[in-house]
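Structure, as C-alpha coordinates:
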Amino acid sequence: MKRKHWTIVVPAALLLSATPAWAVDLREAVQAALSTNPEIRQAVSNTIATKEELNQAKGLYYPRISVEGRAGVRSLRNPTRRAIGIADETLWPIEGDLIVDQLVYDSGGREAQIRRDAARSDAAAARVEERSEFVALNVARTYIDYILQQRLVAIAQDNATFHERLAGDLREGVSKGSISIADQQQAEERLQSARAKVTEAREDLDAAGISFQSLTGMPIDSVSMPPDLSAALPASLAEAEALARQNNPRVQESLADLSAAREVVREARADIGPRL
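The opening position of the sequence shown corresponds to residue 4 in the numbering used here, with each subsequent residue numbered one higher.
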(Lines of atoms letter the chains of each structure in order from A; the text may use other names.)
(Lines give C-alpha, C1' and ligand atoms only; values in the text may rest on other atoms or scores of the structure.)
Protein backbone atom coordinates (compact mmCIF):
# COMPACT_ATOMS: atom_id res chain seq x y z
CA MET A 4 0.00 0.00 0.00
CA LYS A 5 1.40 3.38 -0.99
CA ARG A 6 1.62 5.91 1.79
CA LYS A 7 0.36 9.35 0.92
CA HIS A 8 0.21 12.67 2.73
CA TRP A 9 -3.18 13.76 4.02
CA THR A 10 -4.21 17.40 3.47
CA ILE A 11 -6.53 19.36 5.74
CA VAL A 12 -9.60 20.73 3.96
CA VAL A 13 -11.94 21.28 6.92
CA PRO A 14 -13.97 24.53 6.58
CA ALA A 15 -12.66 27.58 8.40
CA ALA A 16 -15.87 28.01 10.35
CA LEU A 17 -15.51 24.51 11.71
CA LEU A 18 -11.88 25.04 12.70
CA LEU A 19 -12.83 28.16 14.62
CA SER A 20 -15.66 26.46 16.49
CA ALA A 21 -13.96 23.13 17.19
CA THR A 22 -11.62 22.47 20.08
CA PRO A 23 -9.09 19.95 18.72
CA ALA A 24 -8.19 17.52 21.46
CA TRP A 25 -7.19 14.42 19.50
CA ALA A 26 -5.85 14.68 15.96
CA VAL A 27 -6.44 11.38 14.16
CA ASP A 28 -4.98 10.43 10.81
CA LEU A 29 -6.92 7.86 8.79
CA ARG A 30 -3.82 5.75 8.21
CA GLU A 31 -3.07 5.67 11.94
CA ALA A 32 -6.69 4.80 12.69
CA VAL A 33 -6.65 1.87 10.27
CA GLN A 34 -3.38 0.59 11.72
CA ALA A 35 -4.79 0.80 15.25
CA ALA A 36 -7.92 -1.09 14.25
CA LEU A 37 -5.97 -3.81 12.46
CA SER A 38 -3.70 -4.35 15.45
CA THR A 39 -6.48 -4.58 18.03
CA ASN A 40 -9.52 -6.02 16.25
CA PRO A 41 -10.46 -9.36 17.90
CA GLU A 42 -11.81 -10.87 14.68
CA ILE A 43 -8.48 -10.31 12.94
CA ARG A 44 -6.61 -11.79 15.90
CA GLN A 45 -8.88 -14.81 15.78
CA ALA A 46 -8.20 -15.25 12.07
CA VAL A 47 -4.44 -14.94 12.64
CA SER A 48 -4.55 -17.56 15.40
CA ASN A 49 -6.53 -19.86 13.12
CA THR A 50 -3.89 -19.41 10.41
CA ILE A 51 -1.14 -20.39 12.83
CA ALA A 52 -3.12 -23.46 13.90
CA THR A 53 -3.71 -24.63 10.32
CA LYS A 54 -0.01 -24.23 9.52
CA GLU A 55 0.84 -26.44 12.49
CA GLU A 56 -1.64 -29.02 11.23
CA LEU A 57 0.12 -28.89 7.86
CA ASN A 58 3.47 -29.55 9.54
CA GLN A 59 1.86 -32.41 11.44
CA ALA A 60 0.57 -33.90 8.18
CA LYS A 61 4.04 -33.70 6.62
CA GLY A 62 5.30 -35.74 9.55
CA LEU A 63 3.35 -38.74 8.24
CA TYR A 64 6.23 -39.37 5.83
CA TYR A 65 8.62 -40.01 8.70
CA PRO A 66 8.82 -43.24 10.70
CA ARG A 67 7.07 -43.49 14.04
CA ILE A 68 9.35 -44.52 16.87
CA SER A 69 7.89 -45.83 20.12
CA VAL A 70 9.94 -46.59 23.22
CA GLU A 71 8.42 -48.63 26.02
CA GLY A 72 10.03 -49.50 29.35
CA ARG A 73 8.90 -51.60 32.28
CA ALA A 74 10.41 -52.28 35.72
CA GLY A 75 9.10 -53.75 38.95
CA VAL A 76 9.28 -56.39 41.63
CA ARG A 77 8.13 -59.94 41.09
CA SER A 78 7.90 -62.98 43.34
CA LEU A 79 7.20 -66.34 41.70
CA ARG A 80 6.41 -69.53 43.60
CA ASN A 81 5.95 -72.58 41.44
CA PRO A 82 7.14 -76.21 41.52
CA THR A 83 9.96 -75.58 39.09
CA ARG A 84 11.51 -72.79 41.19
CA ARG A 85 11.06 -74.79 44.38
CA ALA A 86 12.74 -77.78 42.74
CA ILE A 87 15.88 -75.81 41.98
CA GLY A 88 15.84 -73.94 45.29
CA ILE A 89 15.12 -70.38 44.16
CA ALA A 90 11.47 -70.08 45.18
CA ASP A 91 12.24 -67.48 47.87
CA GLU A 92 14.32 -65.19 45.65
CA THR A 93 12.74 -61.87 44.60
CA LEU A 94 12.91 -60.89 40.95
CA TRP A 95 13.66 -57.32 39.75
CA PRO A 96 12.77 -57.42 36.05
CA ILE A 97 13.68 -54.50 33.75
CA GLU A 98 12.38 -54.67 30.20
CA GLY A 99 12.50 -52.28 27.24
CA ASP A 100 11.07 -52.24 23.71
CA LEU A 101 11.95 -50.07 20.71
CA ILE A 102 9.28 -50.13 17.99
CA VAL A 103 9.75 -48.46 14.60
CA ASP A 104 6.78 -48.17 12.20
CA GLN A 105 7.19 -46.86 8.66
CA LEU A 106 4.20 -46.38 6.40
CA VAL A 107 5.39 -47.10 2.88
CA TYR A 108 2.14 -46.84 0.91
CA ASP A 109 -1.38 -45.78 1.86
CA SER A 110 -3.10 -45.29 -1.52
CA GLY A 111 -2.33 -41.57 -1.57
CA GLY A 112 -3.88 -40.76 1.80
CA ARG A 113 -0.87 -38.84 3.10
CA GLU A 114 -0.57 -36.74 -0.04
CA ALA A 115 -4.27 -35.91 0.09
CA GLN A 116 -4.07 -34.91 3.75
CA ILE A 117 -1.06 -32.66 3.11
CA ARG A 118 -2.76 -30.98 0.15
CA ARG A 119 -5.93 -30.56 2.21
CA ASP A 120 -4.09 -28.90 5.09
CA ALA A 121 -2.14 -26.71 2.65
CA ALA A 122 -5.41 -25.54 1.11
CA ARG A 123 -6.88 -24.88 4.56
CA SER A 124 -3.79 -22.85 5.42
CA ASP A 125 -4.24 -20.78 2.25
CA ALA A 126 -7.91 -20.24 3.09
CA ALA A 127 -7.03 -19.12 6.61
CA ALA A 128 -4.47 -16.63 5.28
CA ALA A 129 -7.03 -15.26 2.82
CA ARG A 130 -9.52 -14.96 5.69
CA VAL A 131 -7.06 -12.76 7.59
CA GLU A 132 -6.71 -10.51 4.56
CA GLU A 133 -10.48 -10.41 3.99
CA ARG A 134 -11.23 -9.44 7.58
CA SER A 135 -8.44 -6.87 7.56
CA GLU A 136 -9.83 -5.23 4.43
CA PHE A 137 -13.35 -5.29 5.89
CA VAL A 138 -12.22 -3.63 9.11
CA ALA A 139 -10.16 -1.05 7.21
CA LEU A 140 -13.17 -0.27 5.01
CA ASN A 141 -15.43 0.25 8.03
CA VAL A 142 -12.85 2.51 9.68
CA ALA A 143 -12.55 4.58 6.50
CA ARG A 144 -16.33 4.86 6.23
CA THR A 145 -16.76 6.03 9.82
CA TYR A 146 -13.84 8.44 9.43
CA ILE A 147 -15.38 10.01 6.31
CA ASP A 148 -18.78 10.04 8.02
CA TYR A 149 -17.28 11.95 10.94
CA ILE A 150 -15.85 14.54 8.52
CA LEU A 151 -19.27 14.80 6.88
CA GLN A 152 -21.02 15.24 10.22
CA GLN A 153 -18.52 17.93 11.22
CA ARG A 154 -19.34 19.85 8.07
CA LEU A 155 -23.07 19.42 8.66
CA VAL A 156 -22.62 20.83 12.17
CA ALA A 157 -20.76 23.82 10.74
CA ILE A 158 -23.50 24.39 8.14
CA ALA A 159 -26.23 24.09 10.78
CA GLN A 160 -24.40 26.56 13.01
CA ASP A 161 -24.00 29.04 10.14
CA ASN A 162 -27.70 28.67 9.36
CA ALA A 163 -28.65 29.26 13.00
CA THR A 164 -26.41 32.33 13.13
CA PHE A 165 -28.11 33.72 10.04
CA HIS A 166 -31.57 33.23 11.53
CA GLU A 167 -30.45 34.78 14.81
CA ARG A 168 -29.37 37.93 12.97
CA LEU A 169 -32.57 37.92 10.94
CA ALA A 170 -34.75 37.51 14.02
CA GLY A 171 -32.84 40.31 15.75
CA ASP A 172 -33.40 42.64 12.80
CA LEU A 173 -37.10 41.81 12.75
CA ARG A 174 -37.41 42.46 16.48
CA GLU A 175 -35.87 45.86 15.93
CA GLY A 176 -38.28 46.46 13.02
CA VAL A 177 -41.27 45.49 15.15
CA SER A 178 -40.15 47.84 17.91
CA LYS A 179 -40.01 50.66 15.35
CA GLY A 180 -43.36 49.67 13.84
CA SER A 181 -41.99 49.01 10.36
CA ILE A 182 -42.52 45.22 10.45
CA SER A 183 -45.53 43.20 11.56
CA ILE A 184 -45.62 40.81 14.51
CA ALA A 185 -46.48 37.94 12.14
CA ASP A 186 -43.18 38.35 10.29
CA GLN A 187 -41.31 38.32 13.58
CA GLN A 188 -43.10 35.17 14.74
CA GLN A 189 -42.22 33.39 11.50
CA ALA A 190 -38.58 34.40 11.96
CA GLU A 191 -38.60 33.14 15.55
CA GLU A 192 -40.04 29.80 14.42
CA ARG A 193 -37.35 29.46 11.77
CA LEU A 194 -34.72 30.31 14.39
CA GLN A 195 -35.95 27.58 16.73
CA SER A 196 -35.99 25.11 13.84
CA ALA A 197 -32.40 26.08 12.95
CA ARG A 198 -31.29 25.59 16.56
CA ALA A 199 -32.97 22.16 16.60
CA LYS A 200 -31.02 21.26 13.44
CA VAL A 201 -27.80 22.21 15.23
CA THR A 202 -28.68 19.89 18.11
CA GLU A 203 -29.50 17.04 15.73
CA ALA A 204 -26.28 17.57 13.79
CA ARG A 205 -24.22 17.50 16.99
CA GLU A 206 -25.93 14.29 18.09
CA ASP A 207 -25.14 12.70 14.72
CA LEU A 208 -21.53 13.88 15.10
CA ASP A 209 -21.31 12.27 18.55
CA ALA A 210 -22.76 9.03 17.17
CA ALA A 211 -20.18 9.02 14.38
CA GLY A 212 -17.40 9.57 16.92
CA ILE A 213 -18.69 6.69 19.06
CA SER A 214 -18.79 4.37 16.05
CA PHE A 215 -15.23 5.34 15.16
CA GLN A 216 -13.96 4.74 18.69
CA SER A 217 -15.70 1.36 18.89
CA LEU A 218 -13.78 0.26 15.79
CA THR A 219 -10.36 1.72 16.60
CA GLY A 220 -10.32 2.30 20.35
CA MET A 221 -9.22 5.88 19.64
CA PRO A 222 -11.18 9.06 20.45
CA ILE A 223 -11.57 11.43 17.54
CA ASP A 224 -11.92 15.18 17.20
CA SER A 225 -9.56 16.82 14.72
CA VAL A 226 -9.63 15.08 11.33
CA SER A 227 -8.16 15.61 7.87
CA MET A 228 -9.61 14.71 4.50
CA PRO A 229 -7.89 11.71 2.85
CA PRO A 230 -6.56 12.21 -0.70
CA ASP A 231 -8.67 11.63 -3.79
CA LEU A 232 -8.15 8.05 -4.98
CA SER A 233 -10.53 8.12 -7.94
CA ALA A 234 -7.57 7.92 -10.35
CA ALA A 235 -6.68 4.50 -8.91
CA LEU A 236 -10.12 3.02 -9.68
CA PRO A 237 -10.52 0.58 -12.60
CA ALA A 238 -11.42 2.19 -15.90
CA SER A 239 -14.50 0.03 -16.45
CA LEU A 240 -16.87 -2.33 -14.67
CA ALA A 241 -15.46 -5.31 -16.57
CA GLU A 242 -11.94 -4.47 -15.42
CA ALA A 243 -13.15 -4.09 -11.83
CA GLU A 244 -14.84 -7.50 -11.96
CA ALA A 245 -11.70 -9.11 -13.38
CA LEU A 246 -9.56 -7.60 -10.63
CA ALA A 247 -12.05 -8.76 -8.01
CA ARG A 248 -11.98 -12.34 -9.29
CA GLN A 249 -8.19 -12.31 -9.27
CA ASN A 250 -7.39 -10.44 -6.07
CA ASN A 251 -10.44 -10.46 -3.81
CA PRO A 252 -9.47 -12.41 -0.66
CA ARG A 253 -12.98 -13.80 -0.24
CA VAL A 254 -12.75 -15.38 -3.70
CA GLN A 255 -9.30 -16.78 -2.86
CA GLU A 256 -10.65 -18.15 0.41
CA SER A 257 -13.55 -19.87 -1.37
CA LEU A 258 -11.22 -21.40 -3.97
CA ALA A 259 -8.94 -22.71 -1.22
CA ASP A 260 -11.93 -24.18 0.65
CA LEU A 261 -13.01 -25.89 -2.57
CA SER A 262 -9.54 -27.40 -3.01
CA ALA A 263 -9.58 -28.62 0.60
CA ALA A 264 -12.98 -30.28 0.06
CA ARG A 265 -11.67 -32.11 -3.01
CA GLU A 266 -8.70 -33.42 -1.04
CA VAL A 267 -11.06 -34.66 1.68
CA VAL A 268 -12.78 -36.79 -0.97
CA ARG A 269 -9.42 -38.19 -2.14
CA GLU A 270 -8.45 -38.88 1.45
CA ALA A 271 -11.69 -40.80 2.01
CA ARG A 272 -11.04 -42.89 -1.08
CA ALA A 273 -7.55 -43.69 0.18
CA ASP A 274 -8.99 -45.06 3.42
CA ILE A 275 -10.54 -47.98 1.55
CA GLY A 276 -7.35 -48.69 -0.42
CA PRO A 277 -4.45 -50.96 0.50
CA ARG A 278 -1.82 -49.91 3.03
CA LEU A 279 1.72 -51.17 3.36
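Note that beta-carbon positions come from the ideal geometry of N, C-alpha and C, so glycine has one too.
In the three-state reduction of the DSSP assignment, S178 falls in the helix class. Every unbroken stretch of the alpha helix (DSSP H) spanning 4 or more residues and falling wholly within the stretch 194–279 is given here in chain order: 240–250, 252–274. Assignment of beta-bridge partners to A74 by DSSP yields I97.
Straight-line measurement puts the Cα of R44 at about 17 Å from the Cα of N141. Contact fails between the stretch 101–113 and the stretch 35–53, because fewer than three Cβ pairs, one in each stretch, are under 8 Å apart. Judged by pairs of C-beta atoms under 8 Å, the stretch 250–265 touches the stretch 121–134, as three or more such pairs exist.
DSSP places V33 inside the alpha helix (DSSP H), whose first and last residues are 29–39. Selection A74, A185, Q195 evaluated against W95 yields A74 as nearest (Cα-Cα). When Q188, V156, A157, L151 are compared, the shortest CA-CA separation from L169 is found for Q188. Burial is judged here by how many other beta carbons sit within 10 angstroms of a residue's own beta carbon; Y149 has at least 16 and is buried. If one requires a minimum length of 4 residues, no alpha helix (DSSP H) run lies completely within the stretch 138–173. In the three-state scheme derived from DSSP, where H, G and I count as helix and E and B as strand, D186 is classed as helix. DSSP places S48 within a helical segment (H, G or I) once states are collapsed to three. A residue is called buried once 16 or more other Cβ atoms fall within 10 Å of its Cβ, and L155 is buried on that count.
In terms of Cα proximity to G171, the closest of I158, R278, E191, Q152 is E191. Going by beta carbons, E270 and Q153 fall outside the 8 Å limit.
Each of A127, R144, R113, A122 was checked against the Cα of A273, and the nearest Cα belongs to R113.
A distance below 8 Å separates the beta carbons of A122 and A263. Under the DSSP definition of a beta bridge, A26 partners with S225.
Annotated three-state conformation of V107 is coil, per DSSP.
Under DSSP, the beta-bridge partners assigned to R67 are D104. Inclusion of L246 and P252 in the CB contact set at 8 Å is not warranted, their separation being larger than that value. Secondary structure at E55: helix, using DSSP grouped into helix, strand and coil. Comparing alpha carbon positions, the residue from A32, D125, A86 closest to N49 is D125.
In the DSSP assignment, R84 falls within the unbroken alpha helix (DSSP H) covering 82–86. Listed in chain order, the non-local C-beta contacts of V76 below 8 Å within the same chain comprise T93, L94, W95, local neighbours out to five positions each way being set aside.
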